[in-house]
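> I'd like to ask some things about the structure below.
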Amino acid sequence: GLEETICSARLSENIDRPSEADVYSPEAGRLTTLNSFNLPILSFLRLSAEKGVLYRNAIMAPHYNLNAHSIIYGVRGRARIQIVNAQGNSVFDDELRQGQIVVVPQNFAVIKQATKEGFEWVSFKTCENALFQTLAGRTSAIRAMPVEVISNIYQISREQAHRLKFSRSETTLFRPENQGYQRRE
Amino acid sequence: GRARENECQIDRLTALEPSNRIQAEGGLTEVWDCQDQQFRCSGVTVIRRTIERNGLLLPSFTSGPELIYIEQGNGISGLMIPGCPETFESLSTQEAWREGMERGMRGGRFQGQGQGRQGRFQDQHQKIRHLRQGDIFAMPAGVAHWAYNNGDEPLVAVILIDTSNHANQLDKDVPRRFYLAGNPEQEHEQQQGRHHQRREFQEQGQQQQHHQRRGGESRRGGRQSDSGNVFSGFDTRTLAQSFGVSEEIAQRLQAEQDERGNIVLVQEGLHVVKPPSRSYEEREERSRGSRSRYGSMN
Chain A
75 GLEETICSAR
85 LSENIDRPSE
95 ADVYSPEAGR
105 LTTLNSFNLP
115 ILSFLRLSAE
125 KGVLYRNAIM
135 APHYNLNAHS
145 IIYGVRGRAR
155 IQIVNAQGNS
165 VFDDELRQGQ
175 IVVVPQNFAV
185 IKQATKEGFE
195 WVSFKTCENA
205 LFQTLAGRTS
215 AIRAMPVEVI
225 SNIYQISREQ
235 AHRLKFSRSE
245 TTLFRPENQG
255 YQRRE
Chain B
72 GRARENECQI
82 DRLTALEPSN
92 RIQAEGGLTE
102 VWDCQDQQFR
112 CSGVTVIRRT
122 IERNGLLLPS
132 FTSGPELIYI
142 EQGNGISGLM
152 IPGCPETFES
162 LSTQEAWREG
172 MERGMRGGRF
182 QGQGQGRQGR
192 FQDQHQKIRH
202 LRQGDIFAMP
212 AGVAHWAYNN
222 GDEPLVAVIL
232 IDTSNHANQL
242 DKDVPRRFYL
252 AGNPEQEHEQ
262 QQGRHHQRRE
272 FQEQGQQQQH
282 HQRRGGESRR
292 GGRQSDSGNV
302 FSGFDTRTLA
312 QSFGVSEEIA
322 QRLQAEQDER
332 GNIVLVQEGL
342 HVVKPPSRSY
352 EEREERSRGS
362 RSRYGSMN
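Chains A and B are the protein sequences, given in the same order.
For the first sequence, my numbering gives the first residue as 75, with consecutive numbering after it.
For the second sequence, my numbering gives the first residue as 72, with consecutive numbering after it.
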């Protein structure tokens, strides 16, 4: 009976097509996720993948993976990647170039910022339904907290806490600061 | 697969007391020795937190799921669940205060809902939940949460972290706690043994040397400490850019000078929108009352 399940299973999915992107910003880039929902075989493998494109100087929101390690492979261009551990120490602050790999352990916080060449990467994740939590932006952990809490934990005024919480209206991919509309073909 | 080889060949069990205490401005964290054979065998670790009145536990998350038992006291907790909307909306306290002042100055009555209130709500956040004595609280792995003691007595919580849970892909016997604020020290760090820590730092040092050899000079001078939050290790400028705020505020996020520990005191009390709190007896009475009053009605 294997032919009913494994033998005929769909084994591939293209994640490079811009039209398939799950997150898209004309000024910042795009992100496509492949997990067991859109490729069911991944639930057997307990793995998933993500393809990302950051345009010139754009930033992927600081975030952490809740339930997976992430192995990032540089496909094109270069980006400055910063990774921070549980003690708040920087464990990686360097450029990742085409052909290089960096491993982001589960829960370690990471920021990617493309250089002026832009950056494309593919991430392999060690969970079939990997989740990440952003730390800045419209759907971030900071947005989930009351302003009063933010003000007290960071020892800032309520106005500053309000600014910190609401300044970024994007969700995952941030356009570079002080940069006008830059549509990329 | 819960325990490694020989970890469960236990000849004798003993009652265990916490082996480490971490005092913070607004409370105490007591930690049981996660290296003890009993804990290593069962694949869990346990801590107990005592949050003083007006104490606020800084937001944090761990790589394994937690079960929390509220041993004493009352409080509130906010979870930051990825993808969930900010369903609690309010006027900020300042706005409410200003509104109150305006009303006072006018000497008149409160103006109707329709007048001047549009676009006034200043804050939105995710649901806030009450913590009551006797509650068990389930916390999924990686979900950040904070807690605040708004009661009249210390809030005591016993927390079990399931490090051997499949959700945890980091160390199986030493839980890692990631803070989103403050400069707290790691709860289990001292118990890991100095050699382990030294090895980790050596590895990090080698990694940095490796980067420097590759021409990728570390831009931030490699902050190395056993305390801090997840923002501390980022470059301040990049952080400011990510949040769209000034570098001054970004430095506050990094909190390198913050010595309050993982539980801080909120002097004027925390005023947030939360659902009304009802005691168990009140809820029971209410549900009994509604059953008898409405009988067969839908």
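Even glycine gets a Cβ: it sits at the ideal position worked out from N, Cα and C.
Would PHE159 (chain B) and GLN193 (chain B) be called neighbours here (beta carbons separated by less than 8 Å)?
The answer is no: Cβ separation not under 8 Å.
> In the DSSP assignment, what are the bridge partners of PHE132 (chain B)?
Partner(s): B:PHE249.
> Under a CB-based cut-off of 8 Å, is ARG124 (chain B) close to chain A?
Not an interface residue.
> Does the beta-carbon distance from LEU209 (chain A) to HIS137 (chain A) come in below 8 Å?
Against a cut-off of 8 Å, the Cβ pair of HIS137 (chain A) and LEU209 (chain A) comes out as a contact.
> Measure the alpha-carbon distance for THR116 (chain B) versus GLN143 (chain B) and round it to whole angstroms.
THR116 (chain B) and GLN143 (chain B): Cα-Cα distance of roughly 20 Å.
> Helix, strand or coil: which one does DSSP assign to LYS239 (chain A)?
Helix.
> According to DSSP, is ALA183 (chain A) part of a helix, a strand, or is it coil?
Three-state result, ALA183 (chain A): strand.
> May I ask you to list the residues that DSSP assigns as paired with ARG171 (chain A)?
Answer is A:ARG152.
> Which two residues bound the contiguous beta strand (DSSP E) that contains ASN226 (chain A)?
Segment 221-227 is the alpha helix (DSSP H) holding ASN226 (chain A); no beta strand (DSSP E) there.
> How long is the line joining the alpha carbons of ASN159 (chain A) and PRO347 (chain B), rounded to whole angstroms?
Roughly 38 Å between the two C-alpha positions.
> To the nearest angstrom, how far is it from the Cα of THR189 (chain A) to the Cα of VAL127 (chain A)?
Looking at the two C-alpha atoms, the distance is approximately 12 Å.
> Pair every Cβ in the stretch 146-163 of chain A with every Cβ in the stretch 189-202 of chain A, then say whether three or more of these pairs are closer than 8 Å.
Verdict: yes, contact present.
> Taking a cut of 9 Å between CB atoms, which residues from the stretch 85-111 of chain B lie near chain A?
Per Cβ criterion, the list is empty.
> Please decide whether CYS81 (chain A) counts as near chain B, where near means a Cβ-Cβ distance under 8 Å.
Closer than 8 Å: no.
> Given a threshold of 16 other Cβ atoms within 10 Å of its Cβ, counted over all protein chains shown, does VAL178 (chain A) qualify as buried or as exposed?
When all chains shown are included, VAL178 (chain A) counts as buried.
> Using the rule of at least 16 other Cβ atoms within 10 Å of the residue's Cβ for burial, across every protein chain shown, is HIS216 (chain B) buried or exposed?
Burial call: buried.
> Could you tell me which residues DSSP puts in a beta bridge with PHE159 (chain B)?
PHE159 (chain B) is bridged to B:HIS196.
> Quick check on GLU90 (chain B): does DSSP put it in helix, strand or coil?
First, the amino acid is wrong: residue 90 (chain B) is Ser here, not Glu. The answer is coil: DSSP assigns SER90 (chain B) none of H, G, I, E or B.
> Let me know if SER144 (chain A) comes out buried or exposed under the rule of 16 or more other beta-carbons within 10 Å of its beta-carbon.
Buried is the call here.
> Let me know the beta strand (DSSP E) ranges lying completely inside the stretch 194-248 of chain B, each 3 residues or longer, listed in chain order.
Whole beta strand (DSSP E) segments, 3+ residues: 194-196, 199-203, 207-210, 215-219 and 226-232.
> CB-CB under 7 Å to LEU85 (chain A), same chain, minus the five flanking residues each way: which ones, in chain order?
Closer than 7 Å at Cβ, skipping near neighbours: ILE115.
> Which stretch, first to last residue, makes up the beta strand (DSSP E) that contains SER113 (chain B)?
Not the beta strand (DSSP E): SER113 (chain B) falls in the alpha helix (DSSP H), residues 108-113.
> Considering just the uninterrupted stretch of the beta strand (DSSP E) at ALA321 (chain B), what are its terminal residues?
No beta strand (DSSP E) holds ALA321 (chain B); the alpha helix (DSSP H) holding it covers 318-325.
> With three or more beta-carbon pairs closer than 8 Å as the criterion, would you say the stretch 125-134 of chain B touches the stretch 194-202 of chain A?
The stretch 125-134 of chain B, when compared against the stretch 194-202 of chain A, does not touch it at the 8 Å Cβ threshold.
> Taking only runs of the beta strand (DSSP E) that begin and end inside the stretch 121-145 of chain A, which ones reach a length of at least 3 residues, in chain order?
With a minimum length of 3 residues, the continuous beta strand (DSSP E) runs that stay inside the stretch 121-145 of chain A are 122-128 and 133-139.
> Check the Cβ of GLU157 (chain B) against every Cβ in chain A and list those closer than 7 Å, keeping chain order.
Residues of chain A passing the Cβ test: ARG217 and ALA218.
> Which value, in whole angstroms, describes the spacing of the CA atoms of ALA204 (chain A) and ASN369 (chain B)?
The straight-line gap from Cα to Cα measures roughly 42 Å.
> Smallest Cα separation from ILE185 (chain A): which of B:GLN338, B:ALA311 and B:SER317?
The shortest Cα separation from ILE185 (chain A) among B:GLN338, B:ALA311 and B:SER317 belongs to B:ALA311.
> Could you tell me the distance, in whole angstroms, from the CA atom of TYR129 (chain A) to the CA atom of ALA228 (chain B)?
Rounded to whole angstroms, TYR129 (chain A) to ALA228 (chain B) spans 47 Å at the Cα level.
> If I measure Cβ to Cβ from ARG265 (chain B) and keep anything under 8 Å in the same chain, skipping five residues before and after, which residues do I get?
Confidence in ARG265 (chain B) is poor, its pLDDT being 41 and thus under 50, which makes the residue's placement unreliable; the coordinate value appears in the next sentence. Closer than 8 Å at Cβ, skipping near neighbours: no residue.
> What's the C-alpha gap between ALA212 (chain B) and ASN141 (chain A)?
Cα to Cα, the separation comes out at about 7 Å.
> If you measure between the beta carbons of MET151 (chain B) and ALA215 (chain A), is that distance less than 8 Å?
The answer is yes: Cβ separation under 8 Å.
> Is ARG111 (chain B) buried or exposed, if buried means 16 or more other CB atoms sit within 10 Å of its CB?
The residue is buried, with at least 16 neighbouring Cβ atoms inside 10 Å.
> With 16 other CB atoms within 10 Å as the buried threshold, where does GLN180 (chain A) fall?
Answer is buried; the Cβ neighbour count reaches 16.
> Assuming the contact rule is C-beta atoms closer than 8 Å, LEU241 (chain B) and VAL301 (chain B) should be a hit. Round their C-beta distance to whole Å, please.
Contact doesn't hold; Cβ gap of about 14 Å is too wide.
> Tell me which residues share the same chain as ALA95 (chain B) and place their Cβ nearer than 6 Å to its Cβ, disregarding the 5 neighbours each side in the sequence.
Same-chain partners within the cutoff: GLY332, ASN333 and ILE334.
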